[in-house]
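Chains as they are written, first to last, in our numbering: chain A, 154 to 630; chain B, 113 to 431. Heads up: the structure comes next, in structure tokens.
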Amino acid sequence: MNFEYAPAPESRSVVDLKPSYGLFVDGKFVDPTDGGSFKSVNPASEEVLAEVAEAGSQDVDRAVHAARKAYEKVWGPMPGRDRAKYLFRIARIIQERSRELAVLESLDNGKPIKESRDVDLPLVAAHFFYYAGWADKLPHAGFGPDPQPLGVAAQVIPWNFPLLMLAWKIAPALAAGNTVVLKPAETTPLTALLFAEICQQADLPAGVVNIVTGAGDTGRALVEHPGVDKVAFTGSTEVGRAIARSVAGTRKKLTLELGGKAANIVFDDAPVDQAVEGIVNGIFFNQGHVCCAGSRLLVQESVAEQVLESLKRRMARLRVGDPLDKNTDIGAINSAAQLARIRELSDAGSAEGAERWSPPCELPERGFWFAPTIFTGVTQAHRIAREEIFGPVLSVLTFRTPAEAVEKANNTPYGLSAGIWTDKGSRILWLADRLRAGVVWANTFNKFDPTSPFGGYKESGYGREGGRHGLEGYLNV
Amino acid sequence: MTATATSARSDLSELGRSETALRTFLHGLPGVDQVGAEQRAAQLGTRSIKTTAKAQAIDLAIRMVDLTTLEGADTPGKVRALAAKALRPDPADPSCPHVGAVCVYPAMVPHVAEVLAGSGVHLASVATAFPSGQAPLEVKLADTRAAVAAGADEIDMVINRGAFLAGRYSEVYDEIVATKSACGDAHLKVILETGELATYDNVRRASWLAMLAGGDFIKTSTGKVPVAATLPVTLVMLEAVRDFRAATGRQVGVKPAGGIKTTKDAIKYLVMVNETVGADWLDPDWFRFGASSLLNDLLMQRTKLTTGVYSGPDYFTLD
Numbered sequence: 154m155n156f157e158y159a160p161a162p163e164s165r166s167v168v169d170l171k172p173s174y175g176l177f178v179d180g181k182f183v184d185p186t187d188g189g190s191f192k193s194v195n196p197a198s199e200e201v202l203a204e205v206a207e208a209g210s211q212d213v214d215r216a217v218h219a220a221r222k223a224y225e226k227v228w229g230p231m232p233g234r235d236r237a238k239y240l241f242r243i244a245r246i247i248q249e250r251s252r253e254l255a256v257l258e259s260l261d262n263g264k265p266i267k268e269s270r271d272v273d274l275p276l277v278a279a280h281f282f283y284y285a286g287w288a289d290k291l292p293h294a295g296f297g298p299d300p301q302p303l304g305v306a307a308q309v310i311p312w313n314f315p316l317l318m319l320a321w322k323i324a325p326a327l328a329a330g331n332t333v334v335l336k337p338a339e340t341t342p343l344t345a346l347l348f349a350e351i352c353q354q355a356d357l358p359a360g361v362v363n364i365v366t367g368a369g370d371t372g373r374a375l376v377e378h379p380g381v382d383k384v385a386f387t388g389s390t391e392v393g394r395a396i397a398r399s400v401a402g403t404r405k406k407l408t409l410e411l412g413g414k415a416a417n418i419v420f421d422d423a424p425v426d427q428a429v430e431g432i433v434n435g436i437f438f439n440q441g442h443v444c445c446a447g448s449r450l451l452v453q454e455s456v457a458e459q460v461l462e463s464l465k466r467r468m469a470r471l472r473v474g475d476p477l478d479k480n481t482d483i484g485a486i487n488s489a490a491q492l493a494r495i496r497e498l499s500d501a502g503s504a505e506g507a508e509r510w511s512p513p514c515e516l517p518e519r520g521f522w523f524a525p526t527i528f529t530g531v532t533q534a535h536r537i538a539r540e541e542i543f544g545p546v547l548s549v550l551t552f553r554t555p556a557e558a559v560e561k562a563n564n565t566p567y568g569l570s571a572g573i574w575t576d577k578g579s580r581i582l583w584l585a586d587r588l589r590a591g592v593v594w595a596n597t598f599n600k601f602d603p604t605s606p607f608g609g610y611k612e613s614g615y616g617r618e619g620g621r622h623g624l625e626g627y628l629n630v
Numbered sequence: 113m114t115a116t117a118t119s120a121r122s123d124l125s126e127l128g129r130s131e132t133a134l135r136t137f138l139h140g141l142p143g144v145d146q147v148g149a150e151q152r153a154a155q156l157g158t159r160s161i162k163t164t165a166k167a168q169a170i171d172l173a174i175r176m177v178d179l180t181t182l183e184g185a186d187t188p189g190k191v192r193a194l195a196a197k198a199l200r201p202d203p204a205d206p207s208c209p210h211v212g213a214v215c216v217y218p219a220m221v222p223h224v225a226e227v228l229a230g231s232g233v234h235l236a237s238v239a240t241a242f243p244s245g246q247a248p249l250e251v252k253l254a255d256t257r258a259a260v261a262a263g264a265d266e267i268d269m270v271i272n273r274g275a276f277l278a279g280r281y282s283e284v285y286d287e288i289v290a291t292k293s294a295c296g297d298a299h300l301k302v303i304l305e306t307g308e309l310a311t312y313d314n315v316r317r318a319s320w321l322a323m324l325a326g327g328d329f330i331k332t333s334t335g336k337v338p339v340a341a342t343l344p345v346t347l348v349m350l351e352a353v354r355d356f357r358a359a360t361g362r363q364v365g366v367k368p369a370g371g372i373k374t375t376k377d378a379i380k381y382l383v384m385v386n387e388t389v390g391a392d393w394l395d396p397d398w399f400r401f402g403a404s405s406l407l408n409d410l411l412m413q414r415t416k417l418t419t420g421v422y423s424g425p426d427y428f429t430l431d
């Protein structure tokens, strides 16, 4: 019998979208000085969700000054236990309003509601709870008896996990005693603006958190502002390089979390069914818009056929469509520009001779969509094995021996994450020692926890976010 | 089927002849990662099945129920009443389908057979010294033959867990083969008692062992030990029947039993069947629920869907 799941859409009515949003500066929503604005659209339907202010350099200047004043007068001198109270309060409000935030995240980003509901939002709240706990314990964090904050942090975040990246940036900065000016991505500014409302609701002192919306120019004005003590960026390696150049020679402390081309390595003794789940989760989670995505599958040649057959069968079960449907596994690509990039690289994969496969799946007519895709017969020389695609596209390569697996896995300018699938514990330890990646998952993938540090090797960036290590980037050590 | 699968088929039939071959094969099956299997089962449990899909699932689940009573206190009167309920689960609604089977002890089979005759509802009986299986083989086989002779067309046997856990796979295998032959035309469901096998690796091996020995169904539990059917155990068994069919061409059914009490639970299992083995198993011939109280919850939810209101438990028969 064919069992068809009826549509099960999550209601949009929990979200109260305003037609337009200003900048959040010094505790208030304000209009930008030169009145510029842009539109944020729902990538699943191309419907305009809201008009959002575009911050110019004067606005950025205003925000940095507000942050400076708050740092000097209120937040910096405040005892850690009092900062903790605000962070705990924010964490609780996030939990209370999690449905609203999850729906808005899915509307603005295109990710399936089951992920924003079950992954993003619980992690966002967990990050605030975790760092709230550190605020009054900084002398015990291992950075000396009385570590001091840096001052004003300029934070620029990407569109793939809008609210989660905000939490990764804001929670440790505030816990350590810094104030922040944060710029969300131009395609996904809405949950950051709702977070600004939460800061108001939590009575967070004015100027501690400032949100300036805009595109690349706004970001550049922010990181290059002389009043900034710290720059934290998550995004592409290309932009990361430009930021590193602009920050070089200044007193600004910098952390970068950039691209990746992670190897997900499957050995012949792997638990096959769970490895296949891990491969699917590794590359199709969040439409593959994940910097640590397992975008290169390295499978031992002796089991390659079996693993690929299972993988294809599993991929045929993926449900692509309306992000607000609770049964959707893969939502919309975040923007037309990203879709164009995924298409370009996939076409290059075919042109260079790799074999392309997607399960039969019907894509909606409006919006930005890309079917889950795998390429087999890929070699290290293919562009799709080297460049970050940042989409639901998996390149499959094979290896013969553990040493060859290490060699291929490390043969990339990136080094953010890697996955190992084997039943042999000793091999996991042997391999993890040799993989040049900041995060190595064993028999799992894309697992995140606020207590665990996250960050890259090589061109995947530097500095760590999360855990005790995540405090370091926001302390004068 | 490809040439590989054909040659695999002939290889597998030889396995039971040698303890070494059987052990090598079972221990060569891919392992199960506990965390991953449990995570996958939990993810499938978050599917949202509403409106038409829910109605479809409820009717299917009712048709898949093996309505069960396995008590020392069972009497002819009790099992006749249960059989009557199996035929007409909801007397108020003739559109309600009948259940898949009635499942009773061998001594109760004749009483149930009278009621079910010609109805299309199967008559299952537990045999082989259920639930422990701790009896001499001859006794177990006699138990089986008696149940079949009295009218059971499905036999739910227990495997010899003691032998399995001691690594004497051939002994388990031979007992299943002997029981299958004692069944004659009756379908054989092999109860693995997964709660006593403890690990998912064991569940996968026992599943293959039962299938290799000729079982028509693999079933999780007797319902007589503390841990009965769970979603991850059923997931591992579904993967086993899927892989077994791919290797041999023979389809084997799956029956989770014990602890499935609500419509919500049942729907989670159906989602898991749908997304693990697909439409071929979404049929009472290939998937069953061993349950008793589940049926009334399914009926309550069914009535709620058709009438829009919940009726109290007093509107449903307690048999």
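Think of the CB as a built atom: it goes at the ideal place given N, C-alpha and C, for glycine as much as any other residue.
- Contact check for V365(A) against V376(A) fails: the beta carbons are separated by 7 Å or more.
- The C-alpha of I483(A) lies about 7 Å from the C-alpha of F438(A).
- Listed along chain B are P142, G143, V144, D145, G148, each with a C-beta nearer than 7 Å to that of P424(A).
- In the DSSP assignment, P162(A) forms a beta bridge with D478(A).
- In the three-state DSSP reduction, H234(B) falls in the strand class (E or B).
- If you check each beta-carbon in the region 255–270 of chain A against every beta-carbon of chain B, the ones closer than 8 Å belong to K267.
- About 7 Å separates the Cβ atoms of D261(A) and T344(A), confirming a contact at the 8 Å cut-off.
- Taken through DSSP and simplified to helix, strand or coil, K406(A) comes out as strand.
- For N314(B), the enclosing alpha helix (DSSP H) stretches over residues 312–324.
- Linking A571(A) to T565(A) through their CA atoms gives a straight-line distance of about 12 Å.
- Per DSSP, the unbroken alpha helix (DSSP H) holding G369(A) starts and ends at 369–376.
- Counting only Cβ-Cβ distances below 7 Å, I161(B) has contacts in chain A at Y158, in chain order.
- According to DSSP, S173(A) shares a beta bridge with E204(A).
- Straight-line spacing of the CA atoms in A278(B) and N314(B) works out to 12 Å.
- Counting along the chain, G424(B) sits inside no alpha helix (DSSP H), nor does DSSP assign it H or E at all.
- About 4 Å separates the beta carbons of G370(B) and G335(B), which is inside the 8 Å limit, making them a contact pair.
- Interface flag for E351(B) against chain A is set, since a Cβ pair is found closer than 7 Å.
- In this structure, the alpha-carbon of A241(B) lies about 39 Å from that of G424(B).
- For P222(B) against G263(B), the beta-carbon gap comes to about 6 Å, under 8 Å, which counts as contact.
- At a cut-off of 7 Å, the C-beta of N386(B) has a neighbouring C-beta in chain A.
- Under the criterion of beta carbons closer than 8 Å, I174(B) and V383(B) do not qualify as touching, at roughly 17 Å.
- Contacts with chain A (Cβ-Cβ distance below 8 Å) from the region 157–184 of chain B involve T158, R159, S160, I161, K162, T163, T164, A165, K166, Q168, A169, L172, listed in chain order.
- The residue from L254(A), G402(A), Y610(A) with its alpha-carbon nearest to that of P342(A) is L254(A).
- For M231(A), no beta strand (DSSP E) run applies, since DSSP gives it neither H nor E.
- At a cut-off of 7 Å between beta carbons, M154(A) contacts chain B.
- Per DSSP, the continuous alpha helix (DSSP H) segment holding T163(B) begins and ends at 163–176.
- Within the same chain, I483, C514 come within 6 Å of V473(A) by CB-CB distance, once the 5 residues on both sides are set aside.
- The alpha carbon of A169(B) has as its nearest neighbour, out of K376(B), A310(B), R354(B), the alpha carbon of K376(B).
- When DSSP reads this structure, T180(B) sits in a beta bridge with C215(B).
- Of T340(A), W312(A), F523(A), the smallest CA-CA separation from V205(A) is found for T340(A).
- Along the region 322–409 of chain B, the beta strand (DSSP E) occurs as fully enclosed runs of 3 or more residues at 329–331, 365–367, 401–403, listed in sequence order.
- About 6 Å separates the beta carbon of A318(B) from that of F276(B), a gap short enough to meet the 8 Å contact definition.
- The Cβ neighbour count for P368(B), taken over all protein chains shown within 10 Å, is at least 16; the residue is labelled buried.
- Judged by their CB atoms, G212(B) and R400(B) are nearer to each other than the 7 Å cut-off.
- With fewer than 16 other Cβ atoms inside 10 Å of its own Cβ, S579(A) counts as exposed.
- Secondary structure note for A324(A): its alpha helix (DSSP H) is the uninterrupted segment 315–329.
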